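Participant: Take a look at this one; I'll ask things after.
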Amino acid sequence: MKIIATISSASYFKKDINGAFEVAAKEPKDSDCRRDHYLRLIHPDTAKEFGVHVFEKDVTYTNEAGQIINLPYGRIGATNSNGAVLSAPEVVLTEEELDHQIYRRFAVMDTLSDALIGGISRSLIISGSAGIGKTYSLETKLKRAEESGTIDSYKHIKGRLSPLQLYIQLWENRAPGQVLLLDDVNVWNDESSVDILKAALDSSDVREVSWMSTLKYLEENEIPNQFEYEGTIVFISNINFDKEIGKSNGMAPHLRALISRSNYLDLKVHTNQEILVRIKQIIRDSSILENNGLTAEQGVELVQWLQDNVDTLREVSLRTVIKIAQYMAAAPNEWEEMSAIMLKRAN
């Protein structure tokens, strides 16, 4: 069984590291451990083990199916005296535990967004399912920052970007105080795009971005073949980076290279059950029901219907909530049948 540890912060020879790593073993704290416990991890490039000190709050464990688990102490794949293989139990978090975890990660997103806007960090990658409010939250902060003059500008891009288009966008938003927001823009599979991004995300003081082939478009628009990038990049992606890296497919090294150069936050909202927990949080903390003409009692009915049908819906997202609200308004006595017909997968 392969167990993946997603680490937001760990100590390795007094250096802070983060990312997704395969776990070799989890070891308890001793007198030398500066955090809650040790983790023995497998280096993605050398396949050799190395140890880190980590706080429990800074690490999440997932199994091969992408499920969150509780990892006990011990070596993964070790055998007992009878020769039986020991592995981590697949204990999925309770809804209360998921609620706490997701709240905590969205709070971290707010903190990282503020750090990015304040110029403390230069890049951020946020991963999580579509329709959970991550783009809205970040764009609201960027709009306010632009209006207050905290940042000079931000550019929000959706859809597809070719390597050349990416290079041009970086050039046009290259100055300090300019933020480039790439929202579910799939650049991860293109090696040229990844190379450009790696240059823009480089950790050195001077980040040089280059386009070495001669193009008439660049010449006509007076765009140089090389420039210093001093702007800020934010990626919002529906891709589960840790899961893709764990597959060791062609995209894995590209994703690994990018998250090693950037602050990477997995909101841990990918499965339908996790999305439903996040929807409940938004319903509790916002006026989304009132804005869509629903009473509190109707909101309870809506959430219960989602809970009962979560595994058979084509999509679970805030868009699903809004659609059901429309059916409730249009047909108060028939909305459940309408929702089933419109939103559930065909048998």
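Numbering (this note's numbering), first residue to last: 14 to 360.
Note that CB positions come from ideal geometry on N, CA and C, so glycine has one too.
None of these values were measured; they are calculated from a predicted model.
On a Cα-Cα basis, can you pick out the residue from K281, S299, D203 that is closest to V110?
Facilitator: Correcting the residue identity first, residue 110 is Glu in this sequence and not Val. Cα-wise, what sits closest to E110 is K281.
Participant: Inspect the beta-carbon positions of Y25 and V65 and report whether they are closer than 7 Å.
Facilitator: Yes. Within cutoff.
Participant: Which ranges does the alpha helix (DSSP H) cover as unbroken runs of at least 4 residues, wholly within the segment 192-262, from first to last along the chain?
Facilitator: 204-213, 229-233, 254-260, all fully within the segment 192-262.
Participant: Which same chain residues end up closer than 7 Å to D196 when comparing Cβ atoms and leaving out the 5 residues on each side of it in sequence?
Facilitator: Once the five neighbours on either side are set aside, the close Cβ partners of D196 are T148, H169, I170, K171, I249.
Participant: In whole angstroms, give me the CA-to-CA distance for L307 and A342.
Facilitator: Near 8 Å, if we compare the C-alpha coordinates of A342 and L307.
Participant: Looking at L268: is its Cβ nearer than 7 Å to the Cβ of W348?
Facilitator: The answer is no: Cβ separation not under 7 Å.
Participant: By a C-beta neighbour count over all protein chains shown, 10 Å radius and 16 as the cutoff for buried, is E287 buried or exposed?
Facilitator: With 16 or more other Cβ atoms within 10 Å, it is buried.
Participant: Evaluate the contact criterion for the segment 134-149 versus the segment 307-323: three or more CB pairs, one atom per stretch, below 8 Å.
Facilitator: Contact between the segment 134-149 and the segment 307-323 is absent, because fewer than three Cβ pairs lie under 8 Å.
Participant: Hey, is the segment 226-242 in contact with the segment 108-126, meaning 3+ C-beta pairs nearer than 8 Å?
Facilitator: Touching, no.
Participant: Terminal residues of the continuous beta strand (DSSP E) containing A33?
Facilitator: Residues 28-41.
Participant: Only counting the same chain, and skipping five residues up and downstream in sequence, which positions put a Cβ closer than 7 Å to that of V219?
Facilitator: So the qualifying residues of the chain are E241.
Participant: Step through the CB atoms of chain D and report whether any lies within less than 7 Å of the CB of T107.
Facilitator: Structure shown: chain D not included; a single protein chain is present.
Participant: With C-beta atoms as the reference, is V329 less than 7 Å away from L289?
Facilitator: Against a cut-off of 7 Å, the Cβ pair of L289 and V329 comes out as a contact.
Participant: What do you reckon, are the CB atoms on G146 and I292 nearer than 7 Å?
Facilitator: Cβ atoms of G146 and I292: not closer than 7 Å.
Participant: Shortest alpha-carbon distance to E314 belongs to which of L302, T325, D324?
Facilitator: Among L302, T325, D324, the Cα nearest to that of E314 belongs to L302.
Participant: Could you have a look at K385 and say whether DSSP puts it in helix, strand or coil?
Facilitator: This structure leaves residue 385 out entirely; the chain is present only between 14 and 360.
Participant: Would V192 pass as a contact of I209 if the rule is Cβ separation under 7 Å?
Facilitator: No; because the gap between Cβ atoms is not below 7 Å, this pair is not in contact.
Participant: Helix, strand or coil: how does DSSP classify L271 here?
Facilitator: If DSSP states are grouped into helix, strand and coil, L271 belongs with the helices.
Participant: Of the residues M14, R327, S44, which one's Cα is nearest the Cα of L84?
Facilitator: Comparing Cα positions, the closest option is M14.
Participant: May I ask you to list the residues that DSSP assigns as paired with T73?
Facilitator: Looking at the DSSP assignment, T73 forms a beta bridge with T19.
Participant: Within 10 angstroms of its Cβ, does I354 collect 16 or more other Cβ (buried), or is it exposed?
Facilitator: I354 is exposed by the Cβ-count criterion.
Participant: Based on DSSP bridge pairs, tell me the residues matched to V67.
Facilitator: According to DSSP, V67 bridges with A23, H50.
Participant: From what residue to what residue does the alpha helix (DSSP H) around H169 run?
Facilitator: Not the alpha helix (DSSP H): H169 falls in the beta strand (DSSP E), residues 166-171.
Participant: Going by C-alpha to C-alpha distance, which of F68, G190, E35 sits closest to P57?
Facilitator: Comparing Cα positions, the closest option is E35.
Participant: Thinking G32 and I20 are a contact (beta carbons under 8 Å), I'd like their distance in whole angstroms, please.
Facilitator: Contact holds; Cβ gap of about 6 Å.
Participant: Mapping the DSSP letters down to three states, classify E350 as helix, strand or coil.
Facilitator: Helix, per DSSP.
Participant: T284 to Y230, Cα distance in whole Å?
Facilitator: If you take the alpha carbons of T284 and Y230, they lie about 43 Å apart.
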